[in-house]
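A.B. asks: Take a look at the following structure, please.
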Ligand code: GLA
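In the working numbering, the protein residues as written are 67 to 449.
Given below as structure tokens:
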């Protein structure tokens, strides 16, 4: 394989990013989420290369080439390489059928923006190798091993939502996922006069991984306190508001706020699923605003840029709801906006944002789409 990618792939995999309408930071608390895979993807081309252990991976976006010896996998200093290495390690832990291969990766997903380009990268890569070497891993196993790879090689103690949505997404459907049972319902999204607009702040404050893990620890601390009274509790998912109030004095005000947010957010997600089923987008959108307020003031993972975008939309009756998505401290907002106003709104908010922060935003419409998929191709001889 050379860097020009003039090889004939055996398999092409498309792996989508995801949006999450509501259910921020509930997944690692065994709660509910409402994500969808989107029509922006990472594309992978795969081919066996006949070696027993040498893997060549080209990232077209980074214009970087990675050579991996399967016998010597270890974490790297280069961020993106750890997604690849972490997934390979997880696959090797589960199967002895992986051999050398070549892979070319090209992405249309903005990186680090809350659209989960990382889960798309992990899952598409794992999915392709699963097909190439017939490892017989299920979709759920792929989502789980990719989450584990992120914990071990990247260091973000993420939940399962991003990987799950990227793998299991369905066109025009939103997944109502229970992160405890890992069962989901598909709810049709019939927006008719409305669009889903993503607005990218184009900022990524350098706090995300450490603060993300810290939030997870704070939630676990809250669970420990509650367990002193209710020993059968294993996650915030099982905690009610009245249980939390009973032990409020035993925990720090910060831990109390984190727990309160998660319990309220789980309630919002369940309500949002009902509003989605009845096409009540006005009430659905209102819950997105409430979610953002919770993430801003109780969970404290927003930032000025995200708050500005959400505040800007308030009081505009053509925007039904807006909130930040993803791990926090930058990235995108998700907005439900009337179709007729999308273009003028992008222009208006773009000017205001640049005026305030001296940064240009990006905005684009997305639609709920199919999860990871592949095509098998015929390989020409002697190539
Ligand atoms: C990141 C994580 C997810 C989830 C979201 C917040 O995207 O990867 O597991 O926790 O943040 O909802």
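Every residue, glycine too, gets a C-beta built ideally from N, C-alpha and C.
Enumerate, from N- to C-terminal direction, the unbroken alpha helix (DSSP H) stretches of 4 or more residues contained entirely within the segment 305–344.
C.D. replies: Counting only runs of 4 or more, we get 307–313, 319–343.
A.B. asks: How far does the alpha helix (DSSP H) with residue 228 in it extend, from its first residue to its last?
C.D. replies: On the chain shown, residue 228 is found 162 positions in, with the first residue counted as 1. Per DSSP, residue 228 belongs to the alpha helix (DSSP H) from 227–234.
A.B. asks: Taking the straight line between their C-alpha atoms, what separation do you get for residue 192 and residue 227?
C.D. replies: Taking the first residue of the chain shown as position 1, residue 192 is located at position 126. Taking the first residue of the chain shown as position 1, residue 227 is located at position 161. Residue 192 and residue 227: Cα-Cα distance of roughly 16 Å.
A.B. asks: How about residue 106 and residue 174: do their beta carbons lie closer than 8 Å?
C.D. replies: Position 40 of the chain shown, counting from 1, holds the residue named residue 106. Position 108 of the chain shown, counting from 1, holds the residue named residue 174. Their beta carbons are under 8 Å apart, which means residue 106 touches residue 174 by this criterion.
A.B. asks: Can you determine whether any heavy atom of the ligand GLA sits closer than 7 Å to the C-beta of residue 91, and answer yes or no?
C.D. replies: Position 25 of the chain shown, counted from the start, is the residue given in the question as residue 91. Yes, since a heavy atom of the ligand GLA falls inside the 7 Å radius drawn around the Cβ of residue 91.
A.B. asks: Relative to the C-alpha of residue 141, which candidate in 94, 219, 422 has its C-alpha closest?
C.D. replies: On the chain shown, residue 141 is found 75 positions in, with the first residue counted as 1. When each option's Cα is compared against that of residue 141, the closest is 219.
A.B. asks: Can you tell me whether DSSP reads residue 160 as helix, strand or coil?
C.D. replies: Within the chain shown, numbered from 1, the residue matching residue 160 stands at position 94. Note: residue 160 maps to helix in three-state DSSP.
A.B. asks: Using the Cβ count rule (16 or more neighbours within 10 Å means buried), how would you classify residue 254?
C.D. replies: Here residue 254 refers to the residue found at position 188 when the chain shown is read from its first residue. The residue in question, residue 254, is exposed, as its Cβ has fewer than 16 Cβ neighbours within 10 Å.
A.B. asks: Please confirm if the segment 143–153 is in contact with the segment 228–238, defined as three or more CB-CB distances below 8 Å between the two stretches.
C.D. replies: The segment 143–153, when compared against the segment 228–238, does not touch it at the 8 Å Cβ threshold.
A.B. asks: For a test of the three-state rule: what should DSSP assign to residue 108, helix, strand or coil?
C.D. replies: Position 42 of the chain shown, counted from the start, is the residue given in the question as residue 108. It is a strand residue.
A.B. asks: DSSP three-state label for residue 276, please.
C.D. replies: As a first step, residue 276 must be located in the chain shown, where it is residue number 210. Three-state DSSP puts residue 276 in a helix.
A.B. asks: Does DSSP classify residue 441 as helix, strand or coil?
C.D. replies: Translated into positions along the chain shown, residue 441 becomes position 375. Three-state result, residue 441: strand.
A.B. asks: Counting only the same chain and skipping the five closest in sequence on each side, list residues whose C-beta sits under 6 Å from that of residue 430.
C.D. replies: Within the chain shown, the letter at position 364 stands for residue 430. 264, listed in sequence order.
A.B. asks: How is the beta strand (DSSP E) around residue 93 delimited, first residue to last?
C.D. replies: Here residue 93 is taken as the residue at index 27 of the chain shown, counted from 1. Neither: residue 93 is in no beta strand (DSSP E) and is coded neither H nor E.
A.B. asks: Is DSSP giving residue 224 helix, strand or coil here?
C.D. replies: Residue 224 sits at position 158 when you count from the first residue of the chain shown. Here residue 224 sits in coil by DSSP.
A.B. asks: Name the DSSP bridge partner or partners of residue 217?
C.D. replies: Counting from one through the chain shown, the residue named residue 217 turns up at place 151. Residue 217 is not bridged to any residue.
A.B. asks: Exposed or buried, residue 347, counting other C-beta atoms within 10 Å across all chains shown (16 or more means buried)?
C.D. replies: Locating residue 347 in the chain shown gives position 281, where the first residue counts as 1. Buried is the call here.
A.B. asks: Hey, residue 416 and residue 179 are a contact pair by Cβ (cut 8 Å); roughly how many whole angstroms apart?
C.D. replies: Position 350 of the chain shown, counted from the start, is the residue given in the question as residue 416. Position 113 of the chain shown, counted from the start, is the residue given in the question as residue 179. With 8 Å as the limit, residue 416 and residue 179 do not qualify as a contact, their Cβ atoms being about 16 Å apart.
A.B. asks: Would you mind sorting residue 256 into buried or exposed? The rule is 16 or more other CB atoms within 10 Å of its CB.
C.D. replies: For this step, residue 256 is matched to residue 190 along the chain shown. That one is exposed.
A.B. asks: Return the first residue and the last residue of the alpha helix (DSSP H) that residue 196 is part of.
C.D. replies: Translated into the one-based positions of the chain shown, residue 196 becomes position 130. Element bounds for residue 196: 183–198.
A.B. asks: Quick check on the burial criterion: 16 or more other C-beta atoms within 10 angstroms. Buried or exposed for residue 394?
C.D. replies: Position 328 of the chain shown, counted from the first residue, corresponds to residue 394. Burial call: buried.
A.B. asks: Sort out for me which residues DSSP pairs residue 261 with in a bridge.
C.D. replies: Reading the chain shown from its first residue, position 195 is the one you call residue 261. DSSP, once it has assigned bridges, lists 403 as partnering residue 261.
A.B. asks: Under 8 Å, do residue 79 and residue 190 count as touching if we go by C-beta distance?
C.D. replies: The count along the chain shown starts at 1 and reaches residue 79 at position 13. The count along the chain shown starts at 1 and reaches residue 190 at position 124. Against a cut-off of 8 Å, the Cβ pair of residue 190 and residue 79 comes out as a contact.
A.B. asks: DSSP puts residue 427 in a beta bridge; with which residues?
C.D. replies: For the purposes of this step, residue 427 is identified with residue 361 of the chain shown, where counting begins at 1. Bridge partners of residue 427: none, in fact.
A.B. asks: Say the cut is 7 Å; is the CB of residue 357 nearer than that to a heavy atom of the ligand GLA?
C.D. replies: For the purposes of this step, residue 357 is taken as the residue at position 291 of the chain shown. Residue 357 Cβ: outside cutoff for every heavy atom of the ligand GLA.
A.B. asks: According to DSSP, simplified to helix, strand and coil, what is residue 433?
C.D. replies: For the purposes of this step, residue 433 is taken as residue 367 along the chain shown, with counting starting at 1. Coil.
A.B. asks: Are residue 293 and residue 365 closer than 8 Å when you measure CB to CB?
C.D. replies: On the chain shown, position 227 is the one that residue 293 refers to. On the chain shown, position 299 is the one that residue 365 refers to. No.
A.B. asks: For residue 351, which option in 100, 94, 96, 84 has the closest C-alpha, if you only look at C-alpha atoms?
C.D. replies: Within the chain shown, the letter at position 285 stands for residue 351. For residue 351, the nearest C-alpha among the options comes from 100.
A.B. asks: Can you list, in chain order, the residues of its chain with a C-beta nearer than 7 Å to that of residue 384? Leave out the 5 residues immediately preceding and following it.
C.D. replies: Taking the chain shown and counting its residues from 1, the one referred to as residue 384 is at position 318. Correct list, in chain order: 403, 404, 407.
A.B. asks: How long is the line joining the alpha carbons of residue 134 and residue 291, rounded to whole angstroms?
C.D. replies: The residue you call residue 134 lines up with position 68 of the chain shown. The residue you call residue 291 lines up with position 225 of the chain shown. Each residue's alpha carbon lies about 45 Å from the other.
A.B. asks: Which residue or residues does DSSP assign as beta-bridge partners of residue 292?
C.D. replies: Position 226 of the chain shown, counted from the start, is the residue given in the question as residue 292. BP columns for residue 292 are empty, so no partner.
A.B. asks: What whole-angstrom Cβ distance do residue 321 and residue 87 have, given they're in contact under 8 Å?
C.D. replies: Numbered from its first residue, the chain shown carries residue 321 at position 255. Numbered from its first residue, the chain shown carries residue 87 at position 21. Residue 321 to residue 87, Cβ: 27 Å. No contact.
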